[in-house]
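Down below is the structure, laid out as structure tokens.
Protein chains: 2
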Amino acid sequence: MPHTTAASFTSPFDIGPNALIVPVSCIVMPGIAMKLDQLPTPSLILDKNRLSSNIQMMGRKFQDGTVTLRPHLKTCKSADVAREIFAGGKGGITVSTLKEAEYFLEAGYQDILYAVSIAPQKLDQVKALQDRGATMTLLLDEAEVAAEVSRIGLSLGTVFPCLIEIDSDGKRAGLTPDDAALIDVARLLHAGEGTDLAGVMTHAGGSYACQSVDGIIQMAEQERLAITQAADRIREAGLPCPIVSLGSTPTATFGKSLQGVTEVRAGVYVFQDLVMTALGVCTHKDIAISVLATVISHKKDRNRLLIDAGSLALSADPGKPNPTGKPHFGQVCRMEDTAPLDGLWVNSCNQEHGLISLEGSSFTCDDFPVGTRLRILPNHACITAAAYSEYHVVEGGDDITAVWPRCNGW
Amino acid sequence: MPHTTAASFTSPFDIGPNALIVPVSCIVMPGIAMKLDQLPTPSLILDKNRLSSNIQMMGRKFQDGTVTLRPHLKTCKSADVAREIFAGGKGGITVSTLKEAEYFLEAGYQDILYAVSIAPQKLDQVKALQDRGATMTLLLDEAEVAAEVSRIGLSLGTVFPCLIEIDSDGKRAGLTPDDAALIDVARLLHAGEGTDLAGVMTHAGGSYACQSVDGIIQMAEQERLAITQAADRIREAGLPCPIVSLGSTPTATFGKSLQGVTEVRAGVYVFQDLVMTALGVCTHKDIAISVLATVISHKKDRNRLLIDAGSLALSADPGKPNPTGKPHFGQVCRMEDTAPLDGLWVNSCNQEHGLISLEGSSFTCDDFPVGTRLRILPNHACITAAAYSEYHVVEGGDDITAVWPRCNGW
Chain A
1 MPHTTAASFT
11 SPFDIGPNAL
21 IVPVSCIVMP
31 GIAMKLDQLP
41 TPSLILDKNR
51 LSSNIQMMGR
61 KFQDGTVTLR
71 PHLKTCKSAD
81 VAREIFAGGK
91 GGITVSTLKE
101 AEYFLEAGYQ
111 DILYAVSIAP
121 QKLDQVKALQ
131 DRGATMTLLL
141 DEAEVAAEVS
151 RIGLSLGTVF
161 PCLIEIDSDG
171 KRAGLTPDDA
181 ALIDVARLLH
191 AGEGTDLAGV
201 MTHAGGSYAC
211 QSVDGIIQMA
221 EQERLAITQA
231 ADRIREAGLP
241 CPIVSLGSTP
251 TATFGKSLQG
261 VTEVRAGVYV
271 FQDLVMTALG
281 VCTHKDIAIS
291 VLATVISHKK
301 DRNRLLIDAG
311 SLALSADPGK
321 PNPTGKPHFG
331 QVCRMEDTAP
341 LDGLWVNSCN
351 QEHGLISLEG
361 SSFTCDDFPV
371 GTRLRILPNH
381 ACITAAAYSE
391 YHVVEGGDDI
401 TAVWPRCNGW
Chain B
1 MPHTTAASFT
11 SPFDIGPNAL
21 IVPVSCIVMP
31 GIAMKLDQLP
41 TPSLILDKNR
51 LSSNIQMMGR
61 KFQDGTVTLR
71 PHLKTCKSAD
81 VAREIFAGGK
91 GGITVSTLKE
101 AEYFLEAGYQ
111 DILYAVSIAP
121 QKLDQVKALQ
131 DRGATMTLLL
141 DEAEVAAEVS
151 RIGLSLGTVF
161 PCLIEIDSDG
171 KRAGLTPDDA
181 ALIDVARLLH
191 AGEGTDLAGV
201 MTHAGGSYAC
211 QSVDGIIQMA
221 EQERLAITQA
231 ADRIREAGLP
241 CPIVSLGSTP
251 TATFGKSLQG
261 VTEVRAGVYV
271 FQDLVMTALG
281 VCTHKDIAIS
291 VLATVISHKK
301 DRNRLLIDAG
311 SLALSADPGK
321 PNPTGKPHFG
331 QVCRMEDTAP
341 LDGLWVNSCN
351 QEHGLISLEG
361 SSFTCDDFPV
371 GTRLRILPNH
381 ACITAAAYSE
391 YHVVEGGDDI
401 TAVWPRCNGW
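In order, the protein sequences belong to chains A and B. With UniProt numbering, the residue at position 322 of the first sequence is 322, and numbering never jumps. With UniProt numbering, the residue at position 154 of the second sequence is 154, and numbering never jumps.
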């Protein structure tokens, strides 16, 4: 594919065994622009117009500056998307892997929250990031770990700022706000020579299981109450708690109050996906990424199509049932304008095959000759995107205007 | 990670927009060998001893040479694994993407079956592979496509050998052996100036849904009958049918007869996985790949562990229920020797988190301090492995003796 490096150039970076993989973002040279129908399939398409709209929608909630949005870049894993989020500036970010931390540090983002519980064995990597200019904030929820992190920080001649993870929904990790251990951990972090008590953090992942927008609103308040109660307890114990961090795309979208909160994290809002559509967070017109696929065969007697996007290209994530209650692996849309084709979903997948049933729709196999191109909206944007090494960027139309690399793996 | 390129060096290769990604296989320098407990987590571990044993087990079935094993390299996507399969020699291979075809051609494998229905738009890529020395065999099942492939072959000045896909189980693609269209397609391929009728191919993917070994044995015979009936019909019409190809790991393992068959395809047998274990194809001691993960937190009140391997590291593929009938995302094993920890499975996943419940087991959270390393056996080896850019190779022990790259993406 003919392209040239340009303003969006990202420096090569080096992180361990994957050092030979050098993502470089490109813009496509004018005059030899490639179009959607010339791309190899499957490919991952990013509609920059929708991306911008999603970024603006969330950004407006935080424009008064009283609470900071700290975007979670685990969804996009892209310095080009980060540049769009920060409008060319820089700000605090959230990451889910230390590889992302290294990648975004290279791209100029120094204020990095690694929002997955730290294992002390990873502190050498964290120290190396600090040495290169990163302000790394870590996460933990156990006294033994706090003590060990502090011990290692001291031995490495550094200090690791740590948030205490708070459990606001019983779904995954963290101490409940009333757990006796909370103050123990806070004291250890505060007193430890190799740690700083940076505050508290929670993630209401339970919002993904809500049945209604009202349920999400309640979950957002539950999330806020949990984290502010935890912060209050720490302060009542005479300890500092500067950061009070919460967030998920659903609760960030619908939460009514951020009283007592200092920062909100959200990630998938930049792309949105069919899980977010099912939750009422967005409509299909907001979904910014799609998988470009080709019809490769039919089973006319069974009234179904085969496409060249299967469980590797779409992911095996089941998402949520479609509006008729059926499981699926993505919504089938026209290539040209991502308009959903009424009643068509990817009904099942093998490694490189997706099956689309036309039963109950107004379509027949003859409407989709072999070679027809379709775009599939993803169930879970974070997981689908991870199958690709880059985004092919469009701006509403069918011209590929840029190729943006991703930072996959660990 | 310190390593040096060595005998297993793989040439850089160039395929379209991913040309900057240059997998290079390495052996680890003696004296600075890395061990399992020094690797970053999550990492993908390949036990070469188990790989060799699986390769030998399947190879023995074909050692008399009457039927050819054409391994499906979509599972491993690795020239190093291919070298083990062919014991340093070369032979016919099966691939699921044209990127794999390009990659394995660079590694010296010229006889390549692309076993996914061809879309005519991809023929330029196929022609480029032919021009570089590949013997590419394609797959299709529609008269319109056969005519178009022939037309394009003629216009490009080449001939595309094609197999006709036969449906032996109603699961995915292909013509049933008694379909009237079979002879039409065969005639078109035979008469077309840009095509050759190479034969017939089927894949009994339905074997993955069998409930017993007896069921797989029956499915294998159903697969054989379908493909040989199709071949017989073509020959009775006065047309050639040199290749009669079938296969899946379950049917290749248990099939009683290959009468009338010329080649067998199988892929996952090299690694095996928990789906194959559930089918009775192998035991957990045969599974050659595992995900190395670290315990990063606990929920002591809920008696569960969190590890740093979630749906990206393990895949969201649900596989089959465990022996107690519960869904899971992998079986939890000791790091040292991949011995399963009784009753422990990865019960749920988020993007970078796996949750392991200890309920009903003899373990408590105190048995797994933060930092404990575990190995997780995968549900579906093909899909789990696709999350990694390389294998870290061990040979039964805990020394990393090589790093083998994979050819991911499209």
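From the three backbone atoms N, C-alpha and C, an ideal C-beta is built for every residue, glycine too.
- Comparing alpha carbon positions, the residue from Asp214/A, Val149/A, Asn350/A and Leu258/A closest to Lys127/A is Val149/A.
- Assignment of Phe62/A by DSSP, reduced to helix, strand and coil, places it in the coil class.
- Taking C-alpha positions only, Gly409/A is separated from Val291/B by approximately 13 Å.
- Ranked by how close their Cα comes to the Cα of Ala220/B, the residues Ala198/B, His328/B, Ala252/B and Thr195/B have Ala252/B in first place.
- Each of Asp337/A, Trp345/A, Ala385/A and Gly260/A was checked against the Cα of Val67/A, and the nearest Cα belongs to Gly260/A.
- Proximity of the segment 335-345 of chain A to the segment 381-392 of chain A falls short of the contact definition, fewer than three beta-carbon pairs being nearer than 8 Å.
- Exclusion of the five residues before and after Arg233/B leaves Pro177, Leu182 and Ile183 as the residues of its chain whose Cβ lies within less than 7 Å of its Cβ.
- Thr97/B has a beta carbon lying within less than 8 Å of a beta carbon in chain A.
- In this structure, the beta-carbon distance from Lys48/B to Val394/B falls below 8 Å.
- Short of 7 Å from the beta carbon of Ala198/A, and not among the five residues preceding or following it, lie these beta carbons of its own chain, in chain order: Thr137, Pro161, Cys162, Leu163, Pro242 and Ile243.
- Its chain contains Lys74 and Val116 as the residues whose beta carbon lies nearer than 6 Å to that of Ser96/A, once the 5 sequence neighbours on both sides are disregarded; these appear in chain order.
- Your pair Asp141/A and Leu113/A does not check out as a contact, with CB atoms roughly 15 Å apart and the cut at 8 Å.
- Buried is the label assigned to Gln272/A, since at least 16 other Cβ atoms lie within 10 Å of its Cβ.
- Between Asp169/A and Ala316/B, the C-beta gap is not smaller than 8 Å, which leaves the two residues out of contact.
- Asp301/B sits in a helix when the DSSP states are folded into three classes.
- For Tyr114/A, the nearest beta carbon of chain B is not closer than 8 Å to its own beta carbon.
- The straight-line gap separating the alpha-carbon atoms of Leu274/A and His328/A is approximately 10 Å.
- Not a single CB atom of chain B sits nearer than 8 Å to the CB of Cys407/A.
- Pairing Ile217/B with Gly255/B, the inter-Cα distance amounts to about 5 Å.
- Cβ contact annotation for Ser357/A (same chain, cutoff 6 Å, sequence separation greater than five): Arg304 and Asn347, in chain order.
- Partner residues in a beta bridge of Pro242/A, as assigned by DSSP, do not exist.
- No Cβ of chain A is located within less than 8 Å of the beta carbon of Gln229/B.
- Shown here, Ala293/A sits in a strand according to DSSP, grouped into three states.
- Listed along chain B, the residues sitting closer than 9 Å to Thr294/A by beta-carbon distance are Ala119, Gln121 and Lys122.
- Here Asp80/A is buried, its C-beta having at least 16 other C-beta atoms within 10 Å.
- Close CB contacts of Ile383/A within its chain, under the 8 Å cut and outside five residues either way in sequence, are with Ser315 and Asp317 (chain order).
- Cys382/A reaches chain B at Gln351, counting residues in chain order whose Cβ is nearer than 7 Å.
- Along the segment 356-373 of chain B, the positions whose C-beta sits under 8 Å from a C-beta of chain A are Pro369, Val370 and Gly371, read in chain order.
- In the DSSP assignment, Arg373/A falls within the beta strand (DSSP E) that extends over Arg373 to Leu377.
- Residue state for Ile234/A is assigned as helix, using DSSP reduced to three classes.
- For Leu355/B, the three-state secondary structure derived from DSSP is strand.
- Among the residues facing chain A, Glu142/B is included, as its CB has a counterpart in that chain under 8 Å away.
- For the pair Gly89/B and Gln110/B, the Cα-to-Cα distance works out to about 12 Å.
- No Cβ of chain A is located within less than 8 Å of the beta carbon of Tyr391/B.
- The segment 38-121 of chain A is shown to contain whole beta strand (DSSP E) runs of 3 or more residues at 43-47, 93-95 and 111-114, in chain order.
- Within the segment 177-207 of chain B, the residues whose Cβ lies closer than 7 Å to any Cβ of chain A are, in chain order, Gly205.
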